[in-house]
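One structure is given here, and the rest of the page talks about it.
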Amino acid sequence: MRKFPPNFRWGTATAAYQIEGAARLDGRGPSIWDAFSHIPGKIHDGHTGDVACDHYHRYEEDIALLKDMGVKCYRFSISWPRILPQGRGQVNEKGVAFYNKLIDLLIENDIEPWVTIYHWDLPLALQIEMDGLMNPAIATCFADFARICFARFGDRIRHWITLNEPWCCALLGHGSGDFAPGRESDTEPYVVAHNLLRAHAYMVDVYRREFQPTQRGVIGITNNSNWYRPLTDSEEDRAAAERALDFTLGWFAEPVYCGCYPQSMRDRIGSKLPEFTEEDRALLKGSSDFFGLNHYSTNLAAEPPSPGTMEKKARIGGGIMGEHGVDLTDDPSWKQTDMGWNIVPWGLRELLCWISERYGHPPIYVTENGCAMPGEGDREVALNDTGRVEFFKEYIGACHEAIERGADLRGYMSWGMLDNFEWEYGGSKRFGLIWVDFEDQDRYPKASYHWYSNVCKNNGLED
Ligand code: PNW
Numbered sequence: 038m039r040k041f042p043p044n045f046r047w048g049t050a051t052a053a054y055q056i057e058g059a060a061r062l063d064g065r066g067p068s069i070w071d072a073f074s075h076i077p078g079k080i081h082d083g084h085t086g087d088v089a090c091d092h093y094h095r096y097e098e099d100i101a102l103l104k105d106m107g108v109k110c111y112r113f114s115i116s117w118p119r120i121l122p123q124g125r126g127q128v129n130e131k132g133v134a135f136y137n138k139l140i141d142l143l144i145e146n147d148i149e150p151w152v153t154i155y156h157w158d159l160p161l162a163l164q165i166e167m168d169g170l171m172n173p174a175i176a177t178c179f180a181d182f183a184r185i186c187f188a189r190f191g192d193r194i195r196h197w198i199t200l201n202e203p204w205c206c207a208l209l210g211h212g213s214g215d216f217a218p219g220r221e222s223d224t225e226p227y228v229v230a231h232n233l234l235r236a237h238a239y240m241v242d243v244y245r246r247e248f249q250p251t252q253r254g255v256i257g258i259t260n261n262s263n264w265y266r267p268l269t270d271s272e273e274d275r276a277a278a279e280r281a282l283d284f285t286l287g288w289f290a291e292p293v294y295c296g297c298y299p300q301s302m303r304d305r306i307g308s309k310l311p312e313f314t315e316e317d318r319a320l321l322k323g324s325s326d327f328f329g330l331n332h333y334s335t336n337l338a339a340e341p342p343s344p345g346t347m348e349k350k351a352r353i354g355g356g357i358m359g360e361h362g363v364d365l366t367d368d369p370s371w372k373q374t375d376m377g378w379n380i381v382p383w384g385l386r387e388l389l390c391w392i393s394e395r396y397g398h399p400p401i402y403v404t405e406n407g408c409a410m411p412g413e414g415d416r417e418v419a420l421n422d423t424g425r426v427e428f429f430k431e432y433i434g435a436c437h438e439a440i441e442r443g444a445d446l447r448g449y450m451s452w453g454m455l456d457n458f459e460w461e462y463g464g465s466k467r468f469g470l471i472w473v474d475f476e477d478q479d480r481y482p483k484a485s486y487h488w489y490s491n492v493c494k495n496n497g498l499e500d
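Just so you know, we're using our numbering here: the sequence shown kicks off at 38 and counts up by one.
Given below as structure tokens:
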């Protein structure tokens, strides 16, 4: 048995728009994802999050499934437009009541609620009225929304995550246009990233000044990153791999830990990269009590030119990925998930050790890791998901190795609890430990659910 440290947090994660449904119920206002998913052609087969997993009505059943799984914690996000239908101003008490019921029932079942304040569902009103994440004033809107969350729920929440994966909002929402609000640009991502970093800092500032002294929780940000392995041992390729990390993870982590953007970005982006004011810099530096990491894959990184560069540019739009000047490729021997993401478990180990070294040994939580597997539209295939069990076994093993090498990893959350609305892919990509029948909303635990349940209960991996 490979045991994990005592008090290691085993959990699983979801996001509001991906599971709740009840999109027009009990006073919820529209978000940019409601608007985006209803535009023909944006989402696979015209799927939307109108119903999703109907978790809004089935949260009791879902908490019972969490309880049986034996997780110690459950990460979910709060739908901003359910709390503030206009994005600011009047609070929707029915929305508050839903999260109160959810939080209370989790605690009753000995499951720690971990709250993500923003998992991409910006109120549509803020997009229309003020250009959403492009407007510097959005940071104050985030802080005001967060204050309501702390005030209403903070007496029972010990772990807050301000933002989920700002990289996706910047690059996919404003670079390639694959995500809401669907903008394609090679300048907007830098502005959006900058405003989200400021929003994070403002939210943390509100928490630390007004709530943390009495509520005694911790607060941090969750970033996503692949691991980038140098294609060869050459100095150029090693520099290219570091640069790829800077442009994905360092872009958001460096300001939080050091108060500025990575040097390689400043060198290459020049004046397109906004600058922090002294005040913002001071608020940002040291603004995370832990390092939240979502991790899904690994690529090879090399110094261009080579044909791969152009391919990546086209895929992740606007030329912006090209700006790091890294040729990203895949090793043909690597297996891939249904998303086409490479399965490289040791990449997570390397990334955890890199974070630990680069950012001064912070407490780290893996707040998402998981896979979509092919053929799972078919229930029988999904319930016997040996590929996912193998994936988790190897990736959790890699976490264990990272701890042995000295990383202060304190928790691991699988993505995701349920098959859900997988953004642009709608219901066609299934990441869940639990299979969902989107016709009648019945839930069926997959083999991986039972396997993961043992990991949680044993606090370790059976050999
Ligand atoms: C994450 N990429 O998204 C999100 O936090 C989840 O909501 C989502 O369901 C999950 O991963 C699976 O996709 C990502 O292009 C989306 O590298 C895209 C990327 C990474 C993460």
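Think of the CB as a built atom: it goes at the ideal place given N, C-alpha and C, for glycine as much as any other residue.
Open item on the list: If contacts are defined as beta-carbon pairs under 8 Å, then Tyr432 and Pro382 qualify, I think. What distance do you get, rounded to the angstrom?
Closed with: Tyr432 to Pro382, Cβ: 5 Å. Contact.
Open item on the list: Using a 10 Å radius around the Cβ and a threshold of 16 neighbouring Cβ atoms, would you call Glu405 buried or exposed?
Closed with: It counts as buried.
Task: Assigned secondary structure, Arg125 (DSSP; H/G/I helix, E/B strand, else coil) - done: Here Arg125 carries a coil assignment [DSSP, helix/strand/coil].
Task: Opposing strand residues paired with Leu330 [DSSP bridges] - done: Paired residues: Asn260, Val403.
- [ ] State yes or no: is the C-beta of Glu202 nearer than 6 Å to some heavy atom of the ligand PNW?
- [x] Between the ligand PNW and the CB of Glu202, the shortest heavy atom gap is smaller than 6 Å.
Task: Boundaries of the beta strand (DSSP E) in which Glu149 is found, first to last residue - done: Where Glu149 is concerned, the enclosing beta strand (DSSP E) starts and stops at 149-155.
- [ ] Could you tell me which residues DSSP puts in a beta bridge with Ile194?
- [x] Paired residue(s): none; Ile194 is not in a bridge.
- [ ] List the endpoints of the continuous alpha helix (DSSP H) containing Glu364.
- [x] Inspection of the sequence shows that residue 364 is occupied by Asp rather than by Glu. Per DSSP, Asp364 is not a residue of any alpha helix (DSSP H); the beta strand (DSSP E) it occupies stretches across 364-366.
Task: Local Cβ density within 10 Å of Ala134, reported as buried at 16 or more and exposed below that - done: When all chains shown are included, Ala134 counts as exposed.
Open item on the list: Once the 5 residues before and after Leu310 are set aside, which same chain residues still bring their CB inside 7 Å of it?
Closed with: Closer than 7 Å at Cβ, skipping near neighbours: Tyr227, Tyr298, Met302, Arg303.
Open item on the list: From the DSSP secondary-structure annotation, give me the bridge partner or partners of Met450.
Closed with: DSSP lists Gly48 as partners of Met450.
- [ ] Look up Tyr298 in the DSSP assignment and say whether it is helix, strand or coil.
- [x] In this structure, Tyr298 counts as coil in the three-state DSSP scheme.
Open item on the list: Please report the straight-line C-alpha distance between Ala176 and Ala319, rounded to a whole angstrom.
Closed with: When the Cα atoms are used, Ala176 and Ala319 turn out to be separated by approximately 15 Å.
- [ ] Answer yes or no: do Tyr155 and Tyr294 have a C-beta to C-beta separation smaller than 7 Å?
- [x] 7 Å or more divides the Cβ of Tyr155 from the Cβ of Tyr294.
Open item on the list: So for Ile471, helix, strand or coil by DSSP?
Closed with: Looking at Ile471 - three-state DSSP - the assignment turns out to be strand.
- [ ] Could you spell out the range, first to last residue, of the beta strand (DSSP E) harbouring Asn379?
- [x] Run containing Asn379: none; DSSP gives neither H nor E here.
TODO: Determine the contact status of Val426 and Trp378, defining contact as a CB-CB distance below 7 Å.
DONE: Not a contact, by the Cβ cut-off of 7 Å.
Open item on the list: Is Ala89 close to the ligand PNW? I mean its beta-carbon at under 6 Å from any heavy atom of the ligand.
Closed with: Answer for Ala89: no, Cβ out of range of the ligand PNW.
- [ ] Mind checking which residues open and close the alpha helix (DSSP H) that includes Thr224?
- [x] Membership of Thr224 in any alpha helix (DSSP H) is not indicated, and neither H nor E is assigned to it by DSSP.
Task: Assigned secondary structure, Val492 (DSSP; H/G/I helix, E/B strand, else coil) - done: Correct three-state label for Val492: helix.
TODO: Flag Asn406 as yes when its Cβ comes closer than 6 Å to any non-hydrogen atom of the ligand PNW, and as no otherwise.
DONE: Remark: the shortest separation between the CB of Asn406 and any heavy atom of the ligand PNW does not fall under 6 Å.
Open item on the list: What I want to know is whether the C-beta of Asn260 ends up closer than 6 Å to one or more non-hydrogen atoms of the ligand PNW.
Closed with: False, no ligand heavy atom lies under 6 Å from that Cβ.
Open item on the list: If you follow the beta strand (DSSP E) that Arg425 is in, where does it begin and where does it stop?
Closed with: Where Arg425 is concerned, there is no enclosing beta strand (DSSP E), although the alpha helix (DSSP H) around it starts and stops at 423-441.
Task: Leu234 versus Ser325: straight-line alpha-carbon distance, rounded - done: C-alpha separation (whole angstroms): 11 Å.
- [ ] Going by CA-CA distance only, name the one from Glu279, Ile256, Asn260, Ser393 that's closest to Arg19.
- [x] This structure cannot speak to residue 19, because the chain is shown only from 38 to 500.
TODO: Would you identify the three-state DSSP class for Ala238, choosing helix, strand or coil?
DONE: DSSP, reduced to helix, strand and coil, places Ala238 within a helical segment of the structure shown.
Open item on the list: Using C-beta distances below 6 Å, list every residue in its chain close to Ser334, excluding the 5 sequence neighbours before and after it, in chain order.
Closed with: These residues qualify, in order along the chain: Asn263, Trp378, Asn379.
Open item on the list: Less than 7 Å between the beta carbons of Pro118 and Pro160, yes or no?
Closed with: Contact flag set, yes.
Open item on the list: Whole angstroms are fine: how far does the CA of Ala338 sit from the CA of Phe113?
Closed with: Each residue's alpha carbon lies about 33 Å from the other.
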